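Structure record follows, encoded as structure tokens.
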Amino acid sequence: MKIKKASPGLDQRNRLGRTLGDAFVVEDYDPTRPLAAQVGDAEVLLVRDVPITREVIDAAPRLKLIQRPGDHLPPIDLAHAAAKGVLVSRFPAKIQGSPARAVAEHAFHLLLMLAKRQWLARASVKAQRTGLPKTVSVHGKTLGLVGLGNTGEALARLAVPFGLRVIAVKRSADDALAKELGLAWLATMDQLPALLAEADFISLHLPQTRDTVDFIGAAELAQMKRGAFLINISRAPMLNKAALHAALESGQLDGAALDVWWEEPAHADDPLLMLPQVILTPHIAGDTAEAEQRLADLTADNVRLIARGDAPRYVVGVDIDAGS
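In the working numbering, the protein residues as written are 389 to 712.
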């Protein structure tokens with residue numbers, strides 16, 4: 389059976405291939421060729437970020453399963469997949485172990501890198517200069533969470549005991565959750581301007597949907613406290629790239645730390661990466677060694693079910709918002 393990785397960044401250490409064994413072939417994604425030209429003999433597509441269009445599905449006549457080794461689906465033509473008898477599966481966060489905790493740990497790591505001005509410290513080391521930069525203590529500072537789903541909640545549980553004052557907005561009010569997490573306040577999304585104006589650090593935790601593209605643009609960045617820091621471990625399109633560049637150049641933002649990029653992998657000569665106060669990690673927030681093996685095991689189980697002619701687990705319906 390042929391399993392095709394249909395996106396960069398999937399199972400880069402080939403845990404899936406080792407877990408499945410020699411009876412299965414796991415083929416890497418080739419970023420130099422259109423995906424539709426790579427899937428002719430694939431029976432399973434592993435997906436992450438690259439859209440699975442009608443054209444891709446039609447180019448794979450043997451395709452049985454589109455599998456997301458994770459929770460968030462890329463854009464997929466679910467109706468066309470269903471019409472072709474192709475099943476689509478993803479793994480809910482609750483069965484993956486502790487992915488939200490891993491993502492939250494990474495977000496907190498990025499927050500500390502910003503507070504301790506990692507880019508200036510590196511410059512001082514290179515210049516053989518001691519005693520600079522002067523860094524920021526996070527104790528008593530305000531962290532604003534835009535979204536309070538699994539990763540936002542996990543970050544709050546890390547930040548509050550660390551001495552940060554945490555505020556948040558989400559789609560619906562939840563006084564019990566706010567009390568449980570020790571939040572200074574929790575409000576609905578209409579209070580986003582208040583959060584932006586009050587927070588020293590802002591971390592984005594919304595899913596990518598049609599409504600969250602460019603959710604943070606020039607107007608929202610202008611509402612932030614001057615000199616604030618921005619963290620995005622969610623999805624890049626939620627943040628308007630040109631507006632972010634302008635806010636960093638003007639000093640409206642003091643720094644930004646991102647684990648996601650608009651076109652991955654990021655190009656080293658991207659103008660935004662030319663700014664030293666931009667910290668980028670290569671989409672690794674949830675990619676711990678433990679998570680890698682857990683997802684390989686879950687994926688292997690579904691591949692074996694398909695190979696036997698059985699139904700895979702965690703199949704999604706055509707009414708779900710693919711691209712979330």
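From the three backbone atoms N, C-alpha and C, an ideal C-beta is built for every residue, glycine too.
All values derive from a computational prediction rather than experimental measurement.
Could you give the residue range of the beta strand (DSSP E) that holds Ser477? 475-478
Opposing strand residues paired with Ala645 [DSSP bridges]: Ile619, Ile667
Please name the residue, chosen from Val666, Ala556, Asp689, that lies closest to Glu541 on a Cα-to-Cα basis. That would be Ala556, whose Cα lies nearest to the Cα of Glu541.
Opening and closing residue of the alpha helix (DSSP H) in which Thr687 lies: 677-695
For Gly473, the nearest candidate out of Phe550, Arg489, Ala448, Ser638 (CA to CA): Ala448
Measure from the alpha carbon of His724 to the alpha carbon of each residue in Leu552, Val666, Phe603, Asp418, then state which is nearest. The structure shown does not extend to residue 724, since the chain is modelled only from 389 to 712, so the question has no answer here.
To which residues does DSSP link Trp573 through a beta bridge? Ile555
If we ignore side chains and look at the alpha-carbon of each, how far apart do Arg505 and Ala645 end up? 11 Å
For Lys567, three-class secondary structure by DSSP: DSSP places Lys567 in helix when its eight states are reduced to three.
Which of the three DSSP states, helix, strand or coil, is assigned to Glu713? Shown here, the chain extends from 389 to 712; a query on residue 713 therefore has no answer.
Using CA coordinates, which residue listed in Gly705, Gly697, Val706 is at the minimum distance from Lys452? Comparing Cα-Cα distances from Lys452 to each of Gly705, Gly697, Val706, the minimum goes to Gly697.
Rounded to whole angstroms, what's the CA-CA distance from Asp459 to Gln400? Just pull it up for me. 18 Å
Relative to the alpha-carbon of Arg436, which residue among Ser560, Glu651, Arg421, Thr669 has its alpha-carbon at the smallest distance? Glu651
Is the stretch 480-488 close to the stretch 655-671, with three or more CB pairs under 8 Å? Touching, no.
I need the DSSP call for Val524, collapsed to helix, strand or coil. coil
Can you round the beta-carbon distance between Leu500 and Gly532 to whole angstroms, since I take them to be within the 8 Å contact cut? Not really, about 16 Å apart at Cβ, beyond 8 Å.
Whole angstroms are fine: how far does the CA of Asn628 sit from the CA of Thr441? Taking the Cα positions, Thr441 is about 25 Å away from Asn628.
Looking at the strands, I want to know which residues DSSP matches up with Phe412. Bridge partners of Phe412: none, in fact.
Can you tell which of Leu404, Leu408, Pro439 has its C-alpha closest to the C-alpha of Pro422? Pro439
With burial defined as no fewer than 16 other Cβ atoms inside 10 Å of the residue's Cβ, what is the status of Asn690: buried or exposed? buried
Given a threshold of 16 other Cβ atoms within 10 Å of its Cβ, counted over all protein chains shown, does Ile619 qualify as buried or as exposed? buried
Can we say the stretch 602-610 touches the stretch 540-554, given the rule of at least three CB pairs closer than 8 Å? Output reads no: the stretch 540-554 does not touch the stretch 602-610.
Which one of Ile391, Phe412, Ala492 has the shortest CA to CA distance from Thr676? Ala492
Where Thr530 falls: helix, strand or coil (DSSP): strand
Backbone secondary structure at Ile672 - three-state DSSP: coil
Check whether Leu641 and Gly615 have beta carbons under 9 Å apart: yes
What does a CB cutoff of less than 7 Å around Val524 pick up in its chain, not counting 5 residues either side in sequence? For Val524, where only same-chain residues beyond five positions count, the Cβ hits under 7 Å are Ala503.
Is the beta carbon of Val526 within less than 8 Å of some heavy atom of the ligand GDP? Inclusion of the ligand GDP in the displayed structure is not the case, the ligand content being empty and no account of it being possible.
In the DSSP output, what is Arg456 paired with across the bridge? In DSSP, Arg456 forms a bridge with Arg478.
What is the DSSP secondary structure of Trp472, counted as helix, strand or coil? Reading off the sequence shown, one finds Lys at residue 472, where the question assumed Trp. Looking at Lys472 - three-state DSSP - the assignment turns out to be coil, as it is neither helix nor strand.
Secondary structure at Phe496, three-state DSSP: helix, strand or coil? helix
For the candidate residues Val703, Thr687, Val704, whose alpha-carbon lies nearest to that of Arg404? This sequence places Leu at residue 404; Arg is not what is there. Ranking the options by Cα distance to Leu404, first place goes to Thr687.
Does the beta-carbon distance from Pro700 to Ser477 come in below 9 Å? yes
Residues near Trp573 in its chain [Cβ-Cβ closer than 6 Å; skip 5 each side]: Ile555
Consult DSSP for Lys514 and reduce its assignment to one of helix, strand or coil. helix
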